[in-house]
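>
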DNA sequence: ACCGTGACTTGATAAATATCAAGTATCGGG
DNA sequence: CCCGATACTTGATATTTATCAAGTCACGGT
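Residue numbers (this note's numbering), protein chains in the order written: chain U, 1 to 232; chain P, 1 to 232.
Below you can see the structure in the form of structure tokens.
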């Protein structure tokens with residue numbers, strides 16, 4: 001592992017609060033690897049061998065049931081994924097696939113558990129990471145149970161616009177097919193939802209979104225910090 | 001706090017793995033309180049002042065949006081709730097209401113965070129608690145996104161039957177109205193779903209459920225450990 | 001014992017969402 | 001530059017779910 005890469009890694013929220021010797025211990029068994037798009041990193045049901053952290057690129061987490069499949073979340077740097085399975089030494093509940101070509105840090109799961117037992121700072125960082133993940137998925141559950149598909153799309157657009165600087169013009173970060181799965185609807189429904197949003201002056205040109213009447217969109221969306229704000 | 005009550009508390013998964021002095025420290029600021037049914041313990045949006053653990057009784061966690069409301073989960077002993085908000089010192093994302101009269105342990109949230117920083121065993125226990133909660137919500141999200149309402153009910157029955165000893169006969173632990181919200185459907189839909197299950201030899205007499213043809217129900221439900229098994 | 005409230009059910013209907021099919025557009029590889 | 005695969009859109013339709021309304025029933029409080 002190169003020195004500058006090591007620098008980058010110990011700045012991750014996960015490692016920033018642990019003792020130097022814990023970081024040493026963890027990084028001894030760790031490695032960083034680059035993966036091209038579409039690589040499958042984990043499949044749900046497998047044993048949790050590694051904790052993964054995204055250094056760059058993005059990862060799609062998905063789950064399947066019978067012949068159905070859905071996207072649970074899309075993760076980017078500097079976040080981790082499938083930490084819960086590692087902490088509990090259980091099976092992955094989700095599959096992880098590389099979306100944008102990614103650099104991934106992999107920590108052997110047994111080392112992680114051992115480091116937790118020995119370093120309260122690290123264990124706390126893991127707990128905080130888990131708490132964040134918990135809140136994100138709890139918010140997503142509220143999103144699913146309390147909103148219609150049109151409302152979920154409208155809120156996603158409002159949120160994405162803020163995230164990209166509030167220019168009221170941005171490009172979708174991934175395929176509409178994946179966005180549809182992420183929002184919990186069939187691709188055809190997403191297509192029609194975009195068509196409906198034309199009434200609210202939302203213009204869609206392939207992957208580019210232009211929000212001409214911000215107020216109208218926000219009124220439709222009714223964003224709620226307790227569902228949409230990840231840092232509340 | 002009585003000695004036997006203290007005994008009971010330090011056996012909670014949360015405290016079982018921490019150092020004696022950490023338990024002392026935590027229990028110094030803690031108290032146990034009995035609450036009658038329907039008491040509101042927290043409201044979503046409030047600051048997280050306490051970590052709650054259920055010693056007996058049960059708690060309903062719910063969330064609202066506009067004029068809608070849903071039940072996120074129902075918690076019993078020896079589980080905790082709203083730990084994530086405490087760990088991160090943020091706002092509660094869910095409201096908690098007493099369902100069955102309950103004895104609740106309350107730990108001041110600042111003490112919890114302080115204890116985590118000082119005791120790796122306790123921080124690890126919190127991380128494990130969070131990991132369990134995370135997996136439960138993630139499973140619930142899969143349940144919502146990948147199944148129809150009839151399938152959710154069928155699986156809930158299968159699961160509940162196993163939980164209560166597999167006698168193929170049990171009593172609903174709470175009102176159908178709440179069950180409907182828990183399963184993500186309108187009460188009328190639940191009513192009709194029960195009616196549909198008559199075809200599968202599921203008999204409903206007010207709150208008593210009798211499953212006459214277990215195989216038929218299980219075939220309809222298609223239970224999946226990665227969605228339904230909390231300990232996988 | 002009576003009353004009133006609220007849970008539960010059932011019917012009728014509307015709205016939301018999924019599915020199937022067909023056509024167009026787009027994009028990467030040869 | 002062309003081809004084939006796949007994403008995306010749109011229409012028609014089916015299924016799922018919600019809503020509104022009315023009636024029954026059970027229960028707690030007076």
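Positions of the beta carbon are idealized from the N, C-alpha and C atoms, including for glycine. Source: prediction; values computed, not measured.
#1: So, is the C-beta of residue 139 of chain P closer than 8 Å to a C-beta in chain U?
#2: Which residues in chain U sit within 9 Å of residue 153 of chain P, going by Cβ to Cβ distance?
#3: Which residues in the same chain as residue 150 of chain P place their Cβ atom closer than 7 Å to its Cβ, once the five residues preceding and following it in sequence are excluded?
#4: Determine the direct distance from the alpha carbon of residue 86 of chain P to that of residue 241 of chain P, and round the result to whole angstroms.
#5: CA-CA distance, residue 200 of chain P and residue 222 of chain P?
#6: Report the CB separation of residue 52 of chain U from residue 96 of chain U in whole angstroms; it is logged as a contact under 8 Å.
#7: Answer with yes or no whether the minimum CB distance from residue 195 of chain P to chain U is below 8 Å.
#8: What residue range is occupied by the uninterrupted alpha helix (DSSP H) comprising residue 21 of chain P?
#9: Secondary structure at residue 212 of chain U, three-state DSSP: helix, strand or coil?
#10: List, in chain order, every chain U residue whose beta-carbon is nearer than 8 Å to that of residue 128 of chain P.
#11: Could you please give me the residues that DSSP links to residue 59 of chain P through a beta bridge?
#12: Anything in the stretch 205-225 of chain U with a Cβ closer than 7 Å to a Cβ of chain P? List those residues in chain order, please.
#13: With three or more C-beta pairs closer than 8 Å as the rule, is the stretch 67-82 of chain U touching the stretch 15-32 of chain U?
#14: If you measure from the beta carbon of residue 44 of chain P to each beta carbon in chain U, is any gap under 8 Å?
#15: In its own chain, which residues sit with a C-beta less than 8 Å from the C-beta of residue 71 of chain U, not counting the 5 before and 5 after it?
#16: Look up residue 47 of chain P in the DSSP assignment and give the residues it is bridged to.
#17: Report the neighbours of residue 144 of chain P on chain U: residues whose CB is nearer than 9 Å to its CB, in chain order.
#18: In chain order, which continuous runs of the alpha helix (DSSP H) of length 4 or greater are located wholly inside the stretch 119-186 of chain P?
#19: For the beta strand (DSSP E) containing residue 228 of chain U, list its first residue and its last residue.
#20: For residue 33 of chain P, does the count of other Cβ atoms within 10 angstroms reach 16, so buried, or fall short, so exposed?
#21: Between residue 123 of chain U and residue 166 of chain P, what straight-line distance do the alpha-carbon atoms span, to the nearest angstrom?
#22: Taking C-beta pairs closer than 7 Å, name the residues in chain U that residue 70 of chain P reaches, listed in chain order.
#23: Whole angstroms are fine: how far does the CA of residue 138 of chain U sit from the CA of residue 217 of chain U?
#24: When the Cα of residue 204 of chain P is compared with those of P:214, P:189, P:169, which residue comes out closest?
#25: Does DSSP put residue 196 of chain P in a helix, a strand or coil?
#26: Residues in its own chain within less than 6 Å of residue 172 of chain U by CB, not counting five upstream and five downstream?
#27: Relative to the alpha-carbon of residue 147 of chain U, which residue among U:16, U:176, U:130, U:185 has its alpha-carbon at the smallest distance?
#28: If you follow the beta strand (DSSP E) that residue 34 of chain P is in, where does it begin and where does it stop?
#29: Taking just the CA atoms, how far does residue 54 of chain P sit from residue 234 of chain P?
#30: Are there 16 or more other CB atoms within 10 angstroms of the CB of residue 31 of chain U, so buried, or fewer, so exposed?
#31: Within 10 angstroms of the Cβ of residue 40 of chain U, are there 16 or more other Cβ atoms? Answer buried if so, exposed if not.
#32: Between P:214, P:143, P:10, which has its C-alpha nearest residue 230 of chain P's C-alpha?
#33: In the structure shown, what three-state DSSP assignment does residue 232 of chain P receive?
#34: According to the neighbour-count rule (16 or more other Cβ atoms, all chains shown, within 10 Å of its Cβ), is residue 1 of chain U buried or exposed?
#35: Report the three-state DSSP secondary structure of residue 12 of chain P (helix, strand or coil).
#36: Kindly list, in the order they appear in chain U, the residues whose Cβ is closer than 8 Å to that of residue 119 of chain P.
Reading it off the structure:
#1: yes
#2: Chain U residues near residue 153 of chain P: none, gap ~15 Å exceeds 9 Å.
#3: 193, 196
#4: Because residue 241 of chain P is not part of the residues shown, which for chain P are 1 to 232, the question remains open.
#5: 14 Å
#6: 7 Å
#7: no
#8: 20-28
#9: coil
#10: 87, 88
#11: P:75, P:98
#12: 222, 224
#13: no
#14: yes
#15: 60, 61, 62, 178, 181, 182
#16: P:91
#17: 141, 144, 145, 184
#18: 120-146, 149-163, 176-183
#19: Looking at the DSSP string, residue 228 of chain U is not in any beta strand (DSSP E); the run it does join, the alpha helix (DSSP H), is 225-228.
#20: exposed
#21: 38 Å
#22: 145, 146
#23: 24 Å
#24: P:169
#25: helix
#26: 207
#27: U:185
#28: 31-35
#29: Since the first residue shown for chain P is 1 and the last is 232, residue 234 of chain P is missing from the structure and cannot be characterised.
#30: exposed
#31: exposed
#32: P:143
#33: coil
#34: exposed
#35: coil
#36: 120
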